[in-house]
Amino acid sequence: MRYLITGGAGFVGSHLAERLLTRGDSVVLLDNLSTGSMENIRHLKSFEKLQYQLDSIENKQLLTELVDDADVVIHLAAAVGVRLIVESPVRTIETNVNGTQLVLEAASKKRKLVVTASTSEVYGKSTNFPFREDSDLVLGPTTKGRWSYAASKALDEFLALSYWKEKKLPVIVVRFFNTVGPRQTGRYGMVLPNFVSQALDNQPITIYGSGKQSRCFCDVRDTVEGLIRLMDNERSIGEVVNIGNTEEVSIEDLARIVKQRCGSSSELVYIPYEQAYEPGFEDMARRIPCIEKLESLTSFRPRTPLTEIIDRVTSYFREKRASAQTRPVTGSAIR
Ligand code: UDP
Numbered sequence: 016m017r018y019l020i021t022g023g024a025g026f027v028g029s030h031l032a033e034r035l036l037t038r039g040d041s042v043v044l045l046d047n048l049s050t051g052s053m054e055n056i057r058h059l060k061s062f063e064k065l066q067y068q069l070d071s072i073e074n075k076q077l078l079t080e081l082v083d084d085a086d087v088v089i090h091l092a093a094a095v096g097v098r099l100i101v102e103s104p105v106r107t108i109e110t111n112v113n114g115t116q117l118v119l120e121a122a123s124k125k126r127k128l129v130v131t132a133s134t135s136e137v138y139g140k141s142t143n144f145p146f147r148e149d150s151d152l153v154l155g156p157t158t159k160g161r162w163s164y165a166a167s168k169a170l171d172e173f174l175a176l177s178y179w180k181e182k183k184l185p186v187i188v189v190r191f192f193n194t195v196g197p198r199q200t201g202r203y204g205m206v207l208p209n210f211v212s213q214a215l216d217n218q219p220i221t222i223y224g225s226g227k228q229s230r231c232f233c234d235v236r237d238t239v240e241g242l243i244r245l246m247d248n249e250r251s252i253g254e255v256v257n258i259g260n261t262e263e264v265s266i267e268d269l270a271r272i273v274k275q276r277c278g279s280s281s282e283l284v285y286i287p288y289e290q291a292y293e294p295g296f297e298d299m300a301r302r303i304p305c306i307e308k309l310e311s312l313t314s315f316r317p318r319t320p321l322t323e324i325i326d327r328v329t330s331y332f333r334e335k336r337a338s339a340q341t342r343p344v345t346g347s348a349i350r
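Take a look at the structure:
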């Protein structure tokens with residue numbers, strides 16, 4: 016099979032590409048390197064069946080050609096990360112809404128299967144735990160920038176499901192919950208890479224708010240496994256499916272565990288949200304996925320324990336630092 020992955024040089028995209036190439040599929044990556052990087056896919060250069068295009072999904076002609084050549088389109092290109100969203104709301108909304116619209120339009124001509132990535136952010140401030148795919152979405156006011164991400168992804172979902180209902184375009188919507196692992200950067204505010212690099216530097220670990228808010232962290236390998244099983248299953252078509260781990264941890268405890276597993280002397284510091292993000296910033300107190308639907312469709316549930324995930328991320332950062340010290344200054348481009 017031939018897969019087109021938009022946002023393929025990003026964190027999740029690069030892991031998905033690796034998995035598909037390893038099982039013998041052909042993979043074309045389309046990425047404008049806005050948040051993805053060549054570093055993420057450098058290790059894939061030995062795969063003959065990899066091709067990549069460093070361009071935007073807004074290049075309509077290229078997108079149409081790539082979609083026509085593919086059997087399945089996995090649409091991961093999006094503006095992600097709370098910091099990026101708060102700082103660049105126009106880009107977030109435009110990238111997320113226009114990009115998905117272009118992908119669906121291109122795919123609908125020849126009815127190519129589109130797997131489109133959404134996010135647990137769409138559940139917003141709901142307190143109806145765990146979050147089920149058919150639960151109500153509870154978003155904050157439009158004056159608070161954070162919610163633009165959830166609203167833009169919710170619109171993507173509506174659009175994808177409408178293409179399925181009205182034009183019979185096969186689509187699958189996946190809602191990712193806090194996905195973490197090697198190659199995720201802390202640059203856009205994600206908590207685990209931030210905590211691990213702070214701990215390894217013995218710098219203060221920055222807990223935003225009270226630290227009592229909690230999340231469930233899913234190893235990217237599990238996310239990819241769930242994603243592949245969903246797209247290999249006809250019964251997933253037209254469905255919205257959560258992919259996440261159900262092991263819950265408070266951010267304060269996460270900081271403590273990271274510190275301990277890194278053998279770090281970092282102190283834990285608490286930073287008010289308005290300082291970390293912007294005045295009036297609203298956070299979610301909890302976020303827990305219901306993964307019954309994923310399990311019933313795929314017989315799979317993410318199970319990697321948090322400590323194992325932290326250790327993998329820590330090893331990645333250690334290796335990255337070691338290689339940065341030994342690498343010559345000039346890099347080489349891959350094919
Ligand atoms: N967070 C934190 N310190 C950081 C980065 C994030 O305490 O350096 C908090 C953030 O406020 C949120 C949680 O960690 O409560 C998860 O943040 P992330 O951006 O990784 O994902 P989110 O769940 O907000 O999408």
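The sequence shown lines up with residues 16 to 350 when you count with the numbering used here. A virtual CB, placed ideally from N, CA and C, is assigned to each residue, including glycine. These figures come from a predicted structure and were not determined experimentally.
Within the same chain, and ignoring the five residues on either side of residue 231 in sequence, the residues whose Cβ sits closer than 8 Å to its Cβ are 192, 193, 259, 260, 261, 262, 263, 264, 302, 303, 304. By the beta-carbon neighbour count (other beta carbons within 10 angstroms, threshold 16), residue 246 is buried. The closest heavy atom of the ligand UDP lies less than 7 Å from the beta carbon of residue 209. In this model, residue 141 and residue 299 are separated by some 8 Å (Cα to Cα).
Burial state of residue 339 is exposed, judged by a 10 Å Cβ sphere holding fewer than 16 other Cβ atoms.
Placement of the Cβ of residue 221 at a distance of less than 7 Å from at least one heavy atom of the ligand UDP is found. Scanning its chain for C-beta atoms nearer than 7 Å, with the 5 sequence neighbours on each side dropped, one finds around residue 184 the residues 119, 122, 123, 126, 129, 178, in chain order. The DSSP assignment places complete beta strand (DSSP E) segments of no fewer than 3 residues inside the segment 269 to 349 at 283 to 286, in order along the chain.
Spanning the alpha carbons of residue 251 and residue 331 requires a straight line of approximately 33 Å.
Judged by the Cβ position, residue 84 fails to qualify as a neighbour of the ligand UDP at the 7 Å threshold, every heavy atom of the ligand being at least this far. For residue 16, the shortest C-beta to heavy atom distance toward the ligand UDP is 7 Å or greater. DSSP places residue 261 in the coil class of the three-state scheme, outside both helix and strand. Of the residues assessed, residue 117 falls on the buried side of the cut-off, its CB having 16 or more other CB atoms within 10 angstroms. Per the DSSP secondary-structure output, residue 158 pairs with nothing in a beta bridge.
Residue 201 carries a coil assignment under DSSP once its states are collapsed to helix, strand and coil.
Excluding five sequence positions before and after residue 288, the CB atoms of its chain that fall closer than 7 Å to its own CB belong to 223, 224, 296, 298, given in chain order. In terms of Cβ geometry, residue 98 and residue 204 form a close pair [threshold 8 Å].
The Cβ-Cβ distance between residue 200 and residue 208 falls below 8 Å.
Restricting attention to alpha helix (DSSP H) runs no shorter than 4 residues, the segment 114 to 196 encloses them at 162 to 182, ordered along the chain.
For the pair residue 276 and residue 329, the CB atoms are nearer than the 8 Å cut-off. Taking a contact to require three or more Cβ pairs closer than 8 Å, the segment 33 to 41 and the segment 56 to 69 qualify as touching.
Using a cutoff of 7 Å, the CB of residue 298 counts as near the ligand UDP, since one of the ligand's heavy atoms is closer than that. Shortest Cα-Cα distance from residue 293 to any of 41, 45, 100 involves 100.
In the same chain as residue 22, and ignoring 5 residues on each side of it, the C-beta atoms closer than 7 Å to its own belong to 28, 46, 51, 91, 92, 93, in chain order. At least one heavy atom of the ligand UDP lies closer than 7 Å to the C-beta of residue 266.
Taking non-hydrogen atoms of the ligand UDP into account, the C-beta of residue 228 is found less than 7 Å away from one of them.
The Cβ atoms of residue 43 and residue 69 do not sit closer than 8 Å to each other.
Secondary structure note for residue 35: its alpha helix (DSSP H) is the uninterrupted segment 26 to 37. Not one heavy atom of the ligand UDP is found less than 7 Å from the C-beta of residue 74. Between residue 176 and residue 333, the CB-CB gap reaches or exceeds 8 Å. In this structure, the alpha-carbon of residue 257 lies about 31 Å from that of residue 285.
DSSP lists 21, 131 as the beta-bridge partner residues of residue 90. Nearest Cα to residue 168 within the set 181, 156, 188: 188. Residue 205 has its CB nearer than 7 Å to a heavy atom of the ligand UDP.
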